[in-house]
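Input: a single structure, listed below in structure tokens.
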Amino acid sequence: SGQQPALLETRGLTKEFRGFVAVSDVNLSVQPGTIHGLIGPNGAGKTTCFNLLTKFLQPTRGTIHYNGRNITRMAPADIARLGLIRSFQISAVFASQTVLENVRLALQRERGASFDFWRSEAPLRAYNERAMALLEDVGLAEYATATAGSLPYGRKRALEIATTLAMDPKMMLLDEPTAGMTHADVDHIVELVKRVAQGRTVLMVEHNLKVVEGLCDTITVLTRGRVLAEGPYAEVSRNPEVIAAYLGT
Ligand code: ADP
14 SGQQPALLET RGLTKEFRGF VAVSDVNLSV QPGTIHGLIG PNGAGKTTCF NLLTKFLQPT
74 RGTIHYNGRN ITRMAPADIA RLGLIRSFQI SAVFASQTVL ENVRLALQRE RGASFDFWRS
134 EAPLRAYNER AMALLEDVGL AEYATATAGS LPYGRKRALE IATTLAMDPK MMLLDEPTAG
194 MTHADVDHIV ELVKRVAQGR TVLMVEHNLK VVEGLCDTIT VLTRGRVLAE GPYAEVSRNP
254 EVIAAYLGT
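Residue numbers (full-length UniProt numbering): 14 to 262.
In structure tokens form, the structure reads like this:
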């Protein structure tokens, strides 16, 4: 259908927990340069899917290809090195460190292996400058010297995105970026995701359908571990089966 090869593609992805099938035969295709939403009622298997994609869980069956490579048996750190990065929940933020230090630490983790970088004159200053630029990108520059723990909730989620950007992602997995947020914070994160998605690919789990509608080029609906529908929001949201799944019938 004139589409490019998928950047991320699963075939028959399945995860069983002692006989309970949490993710069942999922074929997911994420096109490069798009924002792709993964939605579905509680217990549909969204989190398990994310855990399989980043290999926090091993699939029972099926394959995962990313950027033309079979990553099904690859270790999480190696997958991250290929640029497939998951944005972690707030618990990954070091609360007693400053906002700037949090981003700098993420940069140091990412660049730590680079010999040339360590040989350069002033690595700490360079890290701080790069960290500051990332904070500016996500609208957190004014909070640079605040401790991460003191940030308002919505800003913590922006910090999480900044630390993800520090890992130089080609594709970002965003786990409910607007969960628990006020309207103003939701608008801020929507703008932020739009901005950081430029030149990247995003797969996001999101409950707020207004956010999904505003951000996602394509959505995949999961129910009971299976793909119920996939396509543009306007099309999928009219699908009677999807409506029924959301109304719990
Ligand atoms: P979602 O993120 O869509 O709410 P999950 O992926 O968290 O759904 O869960 C899908 C199903 O798998 C749920 O029924 C959940 O109880 C079950 N499940 C998730 N993780 C485990 C586990 N480690 N052991 C057993 N069952 C699990």
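For each residue, glycine too, the CB sits at the ideal point set by N, CA and C.
Predicted model only: the values in this text are computed from it and were never measured.
For Ser-100, the secondary structure class from DSSP, reduced to helix, strand or coil, is strand.
DSSP, read as helix, strand or coil, puts Ile-256 in helix.
A straight line joining the alpha-carbon of Leu-41 with that of Ile-77 spans about 9 angstroms. Under the rule that a run must span 4 or more residues, the alpha helix (DSSP H) segments found entirely inside the stretch 139-203 read 166-179. Annotated three-state conformation of Ile-84 is coil, per DSSP. In the displayed model, Lys-68 falls within coil according to three-state DSSP, outside both helix and strand. The ligand ADP approaches Lys-59 closely enough that one of its heavy atoms is under 7 angstroms from the residue's Cβ. Taking the Cβ atoms as the reference, Val-106 lies roughly 6 angstroms from Glu-173, within the contact range of under 8 angstroms. Annotation: the continuous alpha helix (DSSP H) that includes Glu-226 extends over 222-228. Three or more beta-carbon pairs separated by less than 8 angstroms are not found between the stretch 82-97 and the stretch 143-162, which leaves the two stretches without contact.
Taking C-beta separations shorter than 8 angstroms and ignoring five residues to either side along the sequence, the partners of Pro-54 in its chain run Thr-236, Ala-258, Tyr-259 and Gly-261, following chain order.
In this structure, Thr-85 is the residue among Thr-85, Pro-190, Val-234 and Glu-254 with its C-alpha nearest to the C-alpha of Thr-23. Non-local C-beta neighbours of Ser-37 in its own chain, meaning closer than 8 angstroms and more than five positions away in sequence, comprise Thr-27, Gly-58, Arg-237, Gly-238 and Arg-239, ordered along the chain.
Counting only the Cα atoms, Met-180 lies some 16 angstroms from Leu-216. Here Pro-190 is near Glu-219, since their CB atoms are less than 8 angstroms apart. Between Ala-139 and Ala-119, the alpha-carbon positions lie close to 13 angstroms from each other. DSSP places Ala-108 outside any alpha helix (DSSP H), giving it a letter other than H or E. Distances from the CB of Asn-55 to the heavy atoms of the ligand ADP include at least one below 7 angstroms. Separation of Leu-164 and Asn-221 (C-alpha to C-alpha, rounded to the nearest whole angstrom) is 23 angstroms. Rounded to the nearest angstrom, the gap between the Cα atoms of Arg-122 and Leu-187 is 20 angstroms. The beta carbons of Cys-229 and Ile-48 sit closer together than 8 angstroms. For the pair Ala-19 and Gly-167, the Cα-to-Cα distance works out to about 32 angstroms.
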